[in-house]
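Report on the following structure.
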Amino acid sequence: MISAPDVVAFTREEELGDELYREPPLPEEYSVPLLPFGGPGANPWAKAASSKFSRDFILISEFSEQVGPQPLLTIPDDAKVPGSFDLNYFSLRIMSVDYQASFVGHPPGCAYPKLNFVEDSKVVLGDSKEGAFAYVHHLTLYDLEARGFVRPFCMAYISADEHKIMQQFQELSAEFSKASECLKTGNRKAFASELEKKLKDLDYTRTVLHNETEIQKKANDKGYYTTQAIEKANELASVEKSIIEHQDLLKQIRSYPYRKLKDSDFHPYEPDCALDRAGSGSEQDLAAPELAEPGETHLYSRLPSYTPKLIKAKPAKCFDKKLKTLEELCDIYFFTQTLDQLHQIERTFRGDVCYLLTNQISRALLKQQKVTNFLFEDVSFLDEKAPEKQYRGCQGLGQDAANRKCSGESSTPRVVISLGSYKSSVECVPIKMEQDIEDPQEPTMTESVTFEHQENLDYLDADLKGSISSGESIEVLGTEKSVSGLMKSESQASLPISPSPQVGRSKVGSRRTVSEDSIEVLSTCPSESLIPEDFKASYPSAINEEPYVDDEEGGLRFTPRLNPDNADEQEDLSNQENLAQIDSACCIGKESPNFLEPLPGLGQKQCDEDGVVRIPPQPYRQAEQGLHGGFVGSVPCDSASGGLLPHELDSRYPTGSREVSRTSLDECSDSTSYISSAASTCSDRTPSPAHPACLANERHKKKAGQNALRFIRQYPFAHPAIYSLLSGRTLIVLGEDEAIVKKLVTALSIFVPNCGAYAKPVKHWVTSPLHVVDFQKWKLIGLQRTVSPAGVNVLHALSRYSRYVSILDADSKTLRCPLYKGTVVSRLADHRTQIKRGSTYYMHVQSVLTQLCSKAFLFTFCHHLHLPINEREPEESVVNRRMNFLKLHLGLANEDIKIVQYLAELLKLQYIQEPGQGVNPLLRFDYVPSFLYKI
Amino acid sequence: QKSSVQTIGEEQVQNPYTELLVLKGHQDIVRFLVQIDDCRFASAGDDGIIFLWNAQTGEKLFELHGHTHKITAITPFSSSDSSEENNHLILTASADRTVIVWDCATGRQVQKVSCFHSTVKCLTVLQRLDVWLSGGSDLCVWNRKLDLLCKTSHLTDAGISALLELPKNCVAAAVGKELIIFRLIASSDKSEGWNVFEVKRLVDHQDNILSLVSVNDLTFVTGSHVGELIVWDALDWTKQASECNFWDSSVHPEAQPEIKLSQSPNETSVQHLASDEECVFAAVGKGIYVYNLQMKRVIACQRTAHDSSVLHIETLPNRQLMSCSEDGSVRIWELREKQQLPAEPVPTGFFNMWGFGRANKQANQAAKKVQENTPMHFLELVGDLIGHSSAVQMFLYFGELGLATCSADHLIILWKDGERESRLRSLTLFQKLAQDSDLQLK
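In the order they appear, the protein sequences are chains A and B. Numbering-wise (full-length UniProt numbering), the first sequence opens with residue 1 and increments by one. Numbering-wise (full-length UniProt numbering), the second sequence opens with residue 1 and increments by one.
Rendered as structure tokens:
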């Protein structure tokens, strides 16, 4: 570790200035920048803010169409964390800065409700009164029953430290985007499956209605239609229209990944361990939608096919219907993943910003120490991808913008509008449907019958009506926004990147076109054959977002005949306008009158004179068959997954996460003799963070540091033992009790240099006699002492190879190893050290070791120390020069030289190693006498 | 009675071997190591596999499979004409009664001879004649193309245990207690043919001849199982001198009397012989004896040089000697002259806290009885190499490249001079650095 974040340097420029100038400056890439905020002498730690919450947390809120902004959950899920902090109020605040114009509805010129694929927006918000600052990430999820099919959500990282939010904006944004992408992928999947079910229902309803109509027609041999018959016909028509609309929605939602894939930037969310868990996830997913009644749900999850039901219910009133929870909106697997990710975020950004920054800097610098960093750093850390550096600039966003543009331009036939994400604009952006959509399949003809708010349309679900977002509601959002606009803009001033809102906005619209092919669209089969196999709701991991391919073969074909005649329609129009006025306040959108202009001629073509559907619908049985077929493929997959059942998965998750947070809290007080250091008093409210990838390592470090502290306090001969490790002499911890031995091994392992970029050469517990090969491979070994004859062999081997090893006897508390008279180790392991915490001590060790590494590096790479300056120079003078360098320049005394020589040897081996093959494990040793140390 | 093996402490300033490399590959006892050229060697053993190794890097070059039984003899056979470079062959004989010729450059089997009636126990190459001999129950002469040129009649069932090239196209073969001298005579009819004739049978040894060594063109030495050492004239095969009382305390008055009590053939058998121009070094039982050819007597000895039988012995430059033993250690000795000084105790090993080692062993001052007008010689232990966990069968001294040892624990260990290796690595490092031209490019 380059620097110990607990010990942040205070550098006063005026004091050091003169000396520093004399030295050649460090290369740019190695210089450690001073803390970005605060002048010289400023406290690097965040000031204790007057916030009401004890530590940073993540809040997920929703702008509910029923009750307005409401908090849904916090991470960590602990009531103590937010404390007296008003989550409701803060939800209102963060939801009010949502700039995504989440329009969904009937755009002008388009007959069908359009899904809006809205980019997330990311803003920073501060509330100085509450002492809370937040990174707010807005996203929308699709819900068939919601207004405009969308449900606005937001995830907010709330901290008392404004600097933290600002400094870590990029990182936060990247991490939250991942979480959001995950959540949205799951949501799309759930939405698609919901739509499928809905389509089944509608199809079934239509069949039933049709049969009824037929019966009526037969029964009625008078020359005219009864009102009943006409009503039925109307009902039928609206069902069919509804079917088409839903099909269109399904198409849209499925086409999403395809469109997105064209963006080079878009990486569909891919779970790493999907296989075993996904199966159960999908099951849950099937059960989740409310469309099916409980009994049916059950049936459904067991039977491969879904039994459609008649949609007859009158649309529930806005406030009556129960909105889906966040969990229900998303495929359970993805939901769990999202929560995991959020927990990860919470852990990553825990702690003081100063710590985070220093950590990031040291991480970045370490990456550059390619030659030496393998020696004492975590192997896992070296492999892991570094978190993006904070100063990576705004390419990311620039790219975003470009991609957004790109996605607009490369509009595939089904491209709906894509609105850029609005990060800072307050204005309302009117959506203009102007870009031509050449979709030959764009169904336009049904427009004429779009909205008939008639009483007899009672079987139409509310969700269709709710799908039109009214202009008014956006205005409301707009005003809310403008309230917070001021405050927000000031915070944005210091944002690393504040993208201009205009850049990314692409105004892509769609213009309706009259197309001859529209009939084809109408005859598109409703569900199965359209659905790429992977996207079927039943498929465990529908993440496989493949290009959407139209497949019109083999599906259930039906040709809806839209029956309403013109007279009816005109009537309806006027009715509708009235109704719309009334309803718009609630949830039914209003369309501007020109939307409703019927296309001349369309509509009638397919209608018979009698206005009744002529072609009888196919029996739904066929559909069921097809559906069945569709599911068959997925069944083996389900069983093969053999993973956890959904409830298991479900129940396991929260406990797991809680456990993690609890243990990490415990870690905070790992030392009973905890004394808060002066520097950390004001910032230690929360435990220091761990990087996600090495959380376990972090804990291990703490533990090892704590044990090592105990070791150096307990054992007066800690120095020669540590010297043995540092000089590459294998240390054997001998003892009867495995736990004690392992503890000692753990403690001492922090002093063991790695021999290559592999795991540390530490073997915790061995019971068999050791061989020379073991000393070659392991530098720290825990060895069992037994009284059995086998144990005698073990000891015999030990005495035989005693020249290669130092032996620490944990039982009799003795150490047999060479003498150490150097100074480095006493700095490393001072038994009177004031360091109290394991993690701090670990860092102290790391910094001393880093110093050693740099000495070893210098020693290794100084040409003239190893090679003669000219050919005639005798070897002795080179040796003399080498020793002089070690003693005088590097200031090493006695045995310290051997440490550096050993490290240098490791560096050489690592450097000259051929890429393909590993380092040849060789054992270096000295013929030096050992001594016995006793307590 | 305790044996009194000389021990050396952990401080071994004269021991250059401070780095070791374990070469794994064999699955059974490794018995033979042969040098192929400056930096390559082959190893073979009871698993019937031959490995070729790079002595510098320890890299395994080839793994030669072909024998189905353990290897009984191995010898390098390099090309006699200098035009062909790198034409290194090795011959291996196995208990499966075959001899295989391998190409060291390609690692491929060149040819296989399987017409033997018994196991070939020894192989010798007569470089001058460009032929090689195989010794089993009979002696066969082969040329490079593996044509059988001639063979003797059936000698004994036990077969030839050792062969030694002598001047004048003669070969000494140890057959049991007898030493048979054969002479190769170019056949008259064929240009490239040879005939082999028995010239003389020497029956001076009382027991099986175990070791044969050529001192120079005029002398060779044999050693037998009961501890007889006979010096022969290489030209007329007459006995020049003999020493058969290595264990006799009357000859070495300082020797401890218990040696006599524990006397047994194993204790006295001459396992291996080595020589320089002046002396013959004999591994006798657990001890090492230095026999001076001019003085015709043992000038120095180390009665218990090892804890158990010494298996192999070799001279190094600087009057040093190396021995390996069944006890799993390799020891480096130095033959020193000592003036008329009272015997000083040899530095003892440091205390041993585990109590298993032989702590507080007295040094066995192995000095010869002081002769009035000759300097006293003694063998000084200058270092030991402990790495193998079982008997060290053989070792191969590679000069400054290091030392290879093979053992019954299936391992081969390369011992190296740590200082030199470190220097070499630095050299490689700076070469690579120059290639990369930048540290970061790595």
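Glycine residues also receive a C-beta, built at the ideal position from the N, C-alpha and C atoms.
Positions along the region 374-399 of chain B whose CB lies within less than 7 Å of some CB in chain A: With the criterion set as a beta carbon lying under 7 Å from some beta carbon of chain A, the members of the region 374-399 of chain B are I386, G387, S389, in sequence order.
Neighbouring residues, chain B, relative to A:F925 (Cβ below 7 Å): To locate residue 925 of chain A, count along the first sequence from 1; it is residue 925. Result: T18.
Contact with chain B by A:P929, beta-carbon distance below 7 Å: Along the first sequence, read from residue 1 onward, the residue named residue 929 of chain A stands at position 929. Yes, contact with chain B.
Where the beta strand (DSSP E) through B:I160 begins and ends: For the purposes of this step, residue 160 of chain B is identified with residue 160 of the second sequence, where counting begins at 1. Counting along the chain, B:I160 falls outside any beta strand (DSSP E), and DSSP gives it neither H nor E.
Cross-chain neighbours of B:K145 in chain A, by beta carbon under 7 Å: In the second sequence, the residue the question calls residue 145 of chain B occupies position 145. Per Cβ cutoff of 7 Å: no residues; B:K145 is ~39 Å from chain A at best.
A:Y801 (DSSP reduced to helix, strand or coil): Taking the first residue of the first sequence as position 1, residue 801 of chain A is located at position 801. It is coil, neither helix nor strand.
B:Q294 burial status per 10 Å Cβ neighbour count (16 or more: buried): For the purposes of this step, residue 294 of chain B is taken as the residue at position 294 of the second sequence. Exposed: under 16 other Cβ atoms inside 10 Å.
C-beta neighbour in chain A for B:A434, strict 7 Å: One-based indexing of the second sequence puts residue 434 of chain B at position 434. Not closer than 7 Å to any Cβ of chain A, the Cβ of B:A434 fails to qualify, so no.
Whole-Å CB distance - A:L375 paired with A:L906, under 8 Å assumed: Taking the first sequence and counting its residues from 1, the one referred to as residue 375 of chain A is at position 375. Taking the first sequence and counting its residues from 1, the one referred to as residue 906 of chain A is at position 906. Indeed they touch by this definition, with Cβ atoms about 6 Å apart.
Closer than 7 Å at the beta carbon, the chain B residues around A:K908: As a first step, residue 908 of chain A must be located in the first sequence, where it is residue number 908. At a C-beta separation below 7 Å, A:K908 has these neighbours in chain B: R425, S426, L429.
Reduced DSSP secondary structure (H/G/I, E/B, other) of A:K934: Residue numbering aside, residue 934 of chain A sits at position 934 when the first sequence is read from its first letter. Looking at A:K934 - three-state DSSP - the assignment turns out to be strand.
Beta-carbon proximity check, A:Q776 vs A:L923, cutoff 7 Å: Counting from one through the first sequence, the residue named residue 776 of chain A turns up at place 776. Counting from one through the first sequence, the residue named residue 923 of chain A turns up at place 923. Their beta carbons are under 7 Å apart, which means A:Q776 touches A:L923 by this criterion.
Pair within 7 Å by beta-carbon distance, B:T124 and B:A95: Translated into the one-based positions of the second sequence, residue 124 of chain B becomes position 124. Translated into the one-based positions of the second sequence, residue 95 of chain B becomes position 95. No. Outside cutoff.
Closest residue to A:E145 among A:C182, A:A190, A:K122 (Cα-Cα distance): Counted from its first residue, the first sequence places residue 145 of chain A at position 145. Checked all of A:C182, A:A190, A:K122; the closest Cα to A:E145 is A:A190.
Near the ligand SAH: B:C301 beta-carbon under 6 Å from a heavy atom: Absent from the structure shown: the ligand SAH. Ligands present: none.
is_contact[A:I781, chain B] using C-beta, thresh 7 Å: Here the question's residue 781 of chain A lines up with position 781 in the first sequence. Output row for A:I781: interface = no.
Local conformation of B:L293 per DSSP, three classes: As a working note, residue 293 of chain B is residue 293 in the second sequence. Of the three classes helix, strand and coil, the one that applies to B:L293 here is coil, per DSSP.
Near-chain B residues of the region 844-868 of chain A (beta-carbon distance less than 9 Å), N- to C-terminal order: Listed by position along the chain: T860, F861, H863, L865, H866, L867.
B:N143 in three-state terms, based on DSSP: For this step, residue 143 of chain B is matched to residue 143 along the second sequence. In the three-state scheme derived from DSSP, where H, G and I count as helix and E and B as strand, B:N143 is classed as strand.
8 Å Cβ cut-off: residues of chain B touching A:E905: Counting from 1 along the first sequence, the entry for residue 905 of chain A is found at position 905. Within chain B, the residues near A:E905 are S422, R425.
Coarse secondary structure for A:E577, derived from DSSP in three states: Within the first sequence, residue 577 of chain A is the residue found at index 577, counting from 1. Interpretation of A:E577 is limited by its pLDDT of 46, a score under 50 that renders its predicted location unreliable; no figure is taken from the coordinates.
Alpha-carbon to alpha-carbon, A:L849 and A:A747: Residue numbering aside, residue 747 of chain A sits at position 747 when the first sequence is read from its first letter. Residue numbering aside, residue 849 of chain A sits at position 849 when the first sequence is read from its first letter. Pairing A:A747 with A:L849, the inter-Cα distance amounts to about 15 Å.
Whether B:L235 touches B:I8 by CB criterion (7 Å): On the second sequence, residue 235 of chain B is found 235 positions in, with the first residue counted as 1. On the second sequence, residue 8 of chain B is found 8 positions in, with the first residue counted as 1. The Cβ atoms of B:L235 and B:I8 do not sit closer than 7 Å to each other.
Length of the line joining the Cα atoms of B:S134 and B:Y17: If you number the second sequence from 1, residue 134 of chain B lands on position 134. If you number the second sequence from 1, residue 17 of chain B lands on position 17. The straight-line gap from Cα to Cα measures roughly 37 Å.
Helix, strand or coil at B:T315 according to DSSP, with G and I counted as helix: Locating residue 315 of chain B in the second sequence gives position 315, counting from the first residue. Shown here, B:T315 sits in a strand according to DSSP, grouped into three states.
Neighbourhood of B:L429 by C-beta, 8 Å cutoff - its chain only, sequence neighbours within 5 removed: Here the question's residue 429 of chain B lines up with position 429 in the second sequence. Closer than 8 Å at Cβ, skipping near neighbours: no residue.
Pick from B:D276, B:L218, B:D204, B:K60 that is closest to B:I230, judged by C-alpha positions: Position 230 of the second sequence, counted from the first residue, corresponds to residue 230 of chain B. If we check each option's Cα against that of B:I230, B:D204 comes out closest.
Cβ shell of residue 443 of chain B (< 7 Å), same chain only, five flanking positions each side left out: The structure shown does not extend to residue 443 of chain B, since chain B is modelled only from 1 to 442, so the question has no answer here.
Nearest-angstrom Cα separation, counted from A:F133 out to A:R347: Here residue 347 of chain A corresponds to residue number 347 of the first sequence, with the count starting at 1. Here residue 133 of chain A corresponds to residue number 133 of the first sequence, with the count starting at 1. For A:R347 and A:F133, the distance between alpha carbons rounds to 18 Å.
Residues near B:R319 by beta carbon distance below 7 Å, same chain, minus five either side: Start at 1 with the first residue of the second sequence, and residue 319 of chain B comes out as number 319. Close CB contacts of B:R319 within its chain, under the 7 Å cut and outside five residues either way in sequence, are with E334, L335 (chain order).
Beta-carbon proximity list for A:P720, same chain, < 6 Å, skipping 5 on both sides: Within the first sequence, the letter at position 720 stands for residue 720 of chain A. Counting only Cβ-Cβ distances below 6 Å, and skipping sequence neighbours, we find C817, Y820.
Candidates B:S390, B:A162, B:L52: closest to B:S309 by CA position: For the purposes of this step, residue 309 of chain B is taken as the residue at position 309 of the second sequence. Cα-wise, what sits closest to B:S309 is B:S390.
Within-7 Å CB hit, B:L166 to chain A: To locate residue 166 of chain B, count along the second sequence from 1; it is residue 166. Not a single C-beta of chain A is nearer than 7 Å to the C-beta of B:L166.
C-beta contact flag for A:Y933 and A:F711 at 7 Å: Indexing the first sequence from 1 puts residue 933 of chain A at position 933. Indexing the first sequence from 1 puts residue 711 of chain A at position 711. Not closer than 7 Å, so no.
Rounded C-alpha distance that separates B:Q14 from B:G383: As a first step, residue 14 of chain B is located in the second sequence; it is residue number 14 there, counting from the start. As a first step, residue 383 of chain B is located in the second sequence; it is residue number 383 there, counting from the start. The alpha-carbon atoms of B:Q14 and B:G383 are separated by roughly 7 Å.
9 Å Cβ cut-off: residues of chain B touching A:V766: Here residue 766 of chain A refers to the residue found at position 766 of the first sequence. Those within 9 Å of A:V766 in chain B number zero; the least Cβ separation is about 15 Å.
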